[in-house]
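Presented below is the structure to which this report refers.
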Amino acid sequence: PLVLGIETSCDETGVGIVRGTTLLANAVASSMDEQAKYGGVVPEVAARAHVDSMVPVLREALETAGVTLDELDAIAVTAGPGLAGALMVGVGAAKSLAIAADKPLYGVNHLVGHVCADLLREEGEPVQFPAISLLVSGGHTSLLRSDSLTGHSVLLGETIDDAAGEAFDKVARVLGLPYPGGPSIDKVAADGDPKAFRFPRGLTHPKDQVKHRFDFSFSGLKTSVARQVEKFEDAGEPVPVADIAASFREAVADVLITKAIDACKEYDTPRLLLGGGVAANARVRSLAAERCADAGISLHIPPLKLCTDNGAMIAALGAQLVMAGREPSTLEIGADSTLPMTTAQVDEAFE
Ligand code: ATP
Ligand code: MG
Ligand code: FE
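Structure (C-alpha cells):
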C-alpha cells in the first residue's frame, strides 16, 4: 500500500511516503537551529515551527515521491507519545488531509514507528520478531520487547530521570560544547581517553530499586561530570574536555548496551534493534557491534536519517497496519502525550 506518514512529536516536522517497505520520500524540517538558542527543545517553539513547516514539508514529500494525495491508500500520523502541542499540529493536519482526500487514517505510536524504521533499509535483512528494541533519543530511553510489528510491545525499562540524548545535551552544555550535544560530544570524544575518568553507571547494581527490571538513570552521571568539571575550574586548571567527553560517552554506551544485551539474554531473544537519535553515536554503535557479536545476537541499526524522528517510519508502520488488515482509527483521535508503549495503533491503546 501507498502510505503517507506525518510526524510532529518533538522538534522535527516529518512527512514520509512509502509503498509497503519501499521508501519513496522522507522530507524533514527541524526547528533544531532555533532550539539551539535555548539549549534544548522548547515545546511552544516546536509547535509553532510545525505549523510553519507542515505545508512545505508535505509538498516536498509528495513531489519527491511523485504521487498525488489521490493515489494514497492511507494516511498515518504519530498520535503519541510526545509533546502535546507539537503532536496536535500533526494530528490536526492528518485528520484534515484524511477528510479532504477521503482516505483512511491511522493514528500510531511513535516508539513503534522507530522500530519500523528498520523495515525501510536498502541493504541487509530487516529485523525479525520477536525482538528487543533500544530506543534512545532526546525525549525517550526505552527498552522494549515486541512480539510483532503491529502487535503488542512490552516495556522492559525506561529512564527514571533524564533521557540519554538529554544527558548528552546537558553534559555538552557543561563542557561548553554546542547543541545538540550528541554530535558535538561524539566529535571531541574521538580524541579523548574513555578510561580517564570512571563515571557512574546508573541503576546497574542488582540492589537498585526500580519499577521495571531494566530501568535507566542518567542524572547521577550528569551531576558527576559537572562536579568533575568544577574541580578543574576551582583548581584553576584547564578542563580536559576530550577526556571527560570520551569517559562520559563510554559510561552512557556501557549502560545502554549492557542492559540491552541482558534483556536479549533474559528473554531469549537474540535480535537487537537500535533506534532514536542516540543510535547515531559512534561509541554506542561500536560497543553494540562488539558485544552483540560476542553474544551471538543479530544487531539492526536503521540508516542514520531514519534513526532520528521522521515521517517515513510512521508511514512504514501505517503500511504494516494496512497490510495486517487493521481497521483505520476514528477521526475522533486526539494527541496523547503519554501514550503507553503497548500497541502500535492508538484506538486500541485507548480501549
Ligand atoms: P524524540 O525523543 O521524540 O524522539 P528527539 O528530537 O529528541 O525526539 P531525535 O531527533 O531522535 O529525538 O534525537 C535527538 C537527540 O539525539 C538529541 O538529544 C541529540 O543530542 C541526540 N544525538 C544525536 N546524534 C547523537 C550522537 N552522535 N551521539 C549521541 N547523541 C546523539
Ligand atoms: Mg529531534
Ligand atoms: Fe523519536
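Converting from the sequence shown to full-length UniProt numbering requires adding 168 to each position, the first position being numbered 1.
Cβ atoms here follow ideal geometry from the backbone N, Cα and C, with glycine treated the same way.
Rounded separation between residue i and residue j - CA only
i	j	result
Val219	Thr190	28 Å
Arg494	Val171	14 Å
Ala364	Pro408	10 Å
Val196	Gly173	11 Å
Ser497	Val245	10 Å
Ser316	Ala299	8 Å
Arg366	Lys427	18 Å
Glu231	Leu240	13 Å
Met222	Glu290	27 Å
Ala268	His373	55 Å
Leu323	Arg381	10 Å
Gly404	Glu398	10 Å
Ala266	Ala487	15 Å
Gln513	Asp402	53 Å
Ser321	Ser314	4 Å
Ala214	Asp329	22 Å
Pro508	Leu343	35 Å
Asp270	Cys178	27 Å
Pick from the options that is closest to residue i, judged by C-alpha positions
i	options	result
Asp238	Ala215, Thr246 and Pro272	Pro272
Met491	Thr318, Ile174, Val342 and Ala204	Thr318
Gln377	Ala394, Gly325, Leu467 and Ile501	Gly325
Glu334	Ala358, His308 and Leu345	His308
Ala204	Tyr347, Tyr274, Gly292 and Asp359	Tyr347
Ala483	Lys379, Ser177, Arg187 and Thr176	Arg187
Pro438	Glu228, Ala242 and Val295	Val295
Ile465	Val452, Cys475, Gly486 and Leu440	Leu440
Glu212	Ala252, Pro224, Ala242 and Ala413	Ala252
Ser387	Thr327, Pro406, Asp270 and Cys432	Thr327
Leu467	Leu455, Lys338 and Leu474	Leu455
Met200	Thr476, Pro368, Asp436 and Thr506	Thr476
Ala419	Lys433, Pro406 and Ser392	Ser392
Ala457	Tyr435, Leu424 and Lys375	Leu424
Val362	Ala421, Leu312, Lys338 and Gly275	Reading off the sequence, residue 362 comes out as Pro, not Val. Here the closest residue by C-alpha is Ala421.
Leu288	Ala503, Leu474 and His278	Leu474
Residue i: CB within 8 Å of a non-hydrogen atom of the ligand FE
i	result
Thr236	no
His278	yes
Thr327	no
His282	yes
Cys460	no
Ala177	Strictly speaking, residue 177 in this sequence is Ser, with Ala absent from that position. Within the cutoff, so yes.
Thr476	yes
Gly248	no
Leu303	yes
Gly444	yes
Cβ-based neighbour list, residue i, same chain, cut-off 7 Å, excluding 5 preceding and 5 following
i	result
Phe518	Confidence at Phe518 is low in this model, with a pLDDT of 43, below 50, so the placement of that residue should be treated as unreliable; the coordinate-derived value is given next. Nothing listed; no residue qualifies.
Leu226	Val183
His282	Leu303, Gly443, Gly444 and Met481
Ser305	Ala331, Gly333, Gly444, Gly445 and Val446
Leu371	Val378, Asp383, Phe384 and Ser385
Leu472	Ala448
Cys284	Leu317, Met481, Ala484, Leu485 and Gln488
Ala233	Ile185, Leu192 and Ala193
Val257	Thr176, Ala215, His218, Val219 and Met222
residue 569	Residue 569 falls outside the range modelled here, since the chain spans only 169 to 519, and no answer is possible.
Residues of its chain near residue i, where Cβ-Cβ distance is below 6 Å and the 5 sequence neighbours each way are ignored
i	result
Asn194	Gly184, Asn478 and Ala480
Ala345	Here the sequence assigns Leu to residue 345, which means Ala is not the residue at that position. Ser352, listed in sequence order.
Ile429	Arg459 and Ala463
Phe336	Gly349, Gly350 and Ile353
Ala450	Asp354
Arg341	Gly207
residue 526	In the structure displayed, the chain extends from 169 to 519; residue 526 sits before or after that span and is not available.
Ser301	Val283, Leu312 and Leu441
Closer than 8 Å: residue i CB and nearest the ligand ATP heavy atom
i	result
Ile425	no
Thr498	no
Gly306	yes
Ile353	yes
Glu418	no
Asp337	yes
Asn194	no
Val209	yes
Ala252	no
Pro508	no
Val452	yes
Pro272	no
Heavy atom of the ligand ADP within 8 Å of residue i beta-carbon
i	result
Leu485	As presented, the structure is devoid of the ligand ADP, carrying the ligand ATP, the ligand MG and the ligand FE as its sole ligands.
Close-in-space but distant-in-sequence residues of the same chain around residue i (CB under 8 Å, 5 per side omitted)
i	result
Pro368	Gly388, Leu389, Ser392 and Ala419
Glu202	Val213 and Ala217
Lys433	Ala463
Ser505	Gly248, Pro249, Gly250, Leu251, Ala252 and Leu255
Enumerate, from N- to C-terminal direction, the unbroken alpha helix (DSSP H) stretches of 4 or more residues contained entirely within the region 379-467. DSSP runs (the alpha helix (DSSP H)) wholly in the region 379-467: 387-402, 409-434 and 450-463.
Quick check on the DSSP output: what are the complete beta strand (DSSP E) runs of length 3 or more inside the region 277-361, in order along the chain? You should have 299-304, 309-314 and 321-326.
Which runs of the beta strand (DSSP E), 3 residues or longer, sit entirely within the region 233-275? Positions of the beta strand (DSSP E) runs, each at least 3 residues long and wholly inside the region 233-275, are given as 242-248 in order along the chain.
Suppose only complete runs of 3+ residues qualify. What are the beta strand (DSSP E) ranges in the region 188-230, listed by chain order? Listed in chain order, the beta strand (DSSP E) runs fully inside the region 188-230 are 190-198, counting runs of at least 3 residues.
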